[in-house]
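I have placed the structure first, in the form of structure tokens, so that the comments after it can refer back to it.
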Amino acid sequence: MITVGGQTIGHISLSKRSNNWHETQVVIGEKKYWSKGYGQEAFQILIKKAKKIDISKIYLEVRPTNTRAIRAYVKCGFRAIKIIKYPKNKYLSETLRMEIDLNKLGEYIVFDAIRDNGGKGIKARDLLKAIKAKKK
Ligand SMILES: CC(C)(COP(=O)(O)OP(=O)(O)OC[C@H]1O[C@@H](n2cnc3c(N)ncnc32)[C@H](O)[C@@H]1OP(=O)(O)O)[C@@H](O)C(=O)NCCC(=O)NCCS
């Protein structure tokens, strides 16, 4: 449960799926609690708990137009992987799959730093800067 001042405003879950992957789902019920950072806070707690019990691969599916949710997930370290089509589902015909691998966060920083440098490689000094910036 996600609670604020003792009141339940939503929930977040983690369910075991195949090949060591776990799926997370999150919802905050009332609009007045959206965009206040509670979603990201809930993810950070979930991620800490997952690490403690050796869960590293977490994914979610989100409506590709749900920019608020996507921003929250990206800020928590999730990466957009692919669009999944559900042609038979008339309410949700496609989702964006996003993933985080908690064992690869260091690699992510290196990849991102290289990408941001136009794919040209990176000096150790700049890499350290990128790592420091990420820790803030
Ligand atoms: C998705 C959800 C869990 C996110 O939790 P949240 O507490 O609202 O999100 P946060 O406040 O932590 O982060 C949202 C970010 O998106 C930004 N944002 C808000 N509206 C936005 C928009 N329309 N487009 C892009 N970004 C937006 C916020 O400013 C915030 O970014 P910031 O931290 O840089 O300021 C919550 O909004 C929710 O439950 N919504 C309804 C149901 C839903 O969409 N569930 C997700 C199904 S996958």
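Residue numbers for the sequence shown follow the numbering used here, so the first one is 15 and each next one is one higher.
Glycine is no exception: its CB is placed at the ideal position from the N, C-alpha and C atoms.
Counting only unbroken stretches of 4 or more residues, the alpha helix (DSSP H) elements lying wholly within the stretch 21 to 108 are 52 to 66 and 81 to 89, in sequence order. Per DSSP, reduced to three states, the secondary structure at I145 is helical.
Judged by DSSP secondary structure, I128 falls within the alpha helix (DSSP H) whose first and last residues are L119 to D130. Around the C-beta of Y87, 16 or more other C-beta atoms lie within 10 Å, and the residue is accordingly described as buried.
Scanning Y105, L110 and D140 for the CA closest to the CA of I95 turns up L110. Y73 is a Cβ neighbour of M112, given a cutoff of 8 Å. The secondary-structure analysis by DSSP pairs I16 across a beta bridge with G24. The beta carbon of K30 sits closer than 7 Å to those of H36, all from its chain and outside the five residues before and after it, given in chain order. The Cβ neighbour count for V76, taken over all protein chains shown within 10 Å, is at least 16; the residue is labelled buried. The secondary-structure analysis by DSSP pairs L110 across a beta bridge with V76 and I97.
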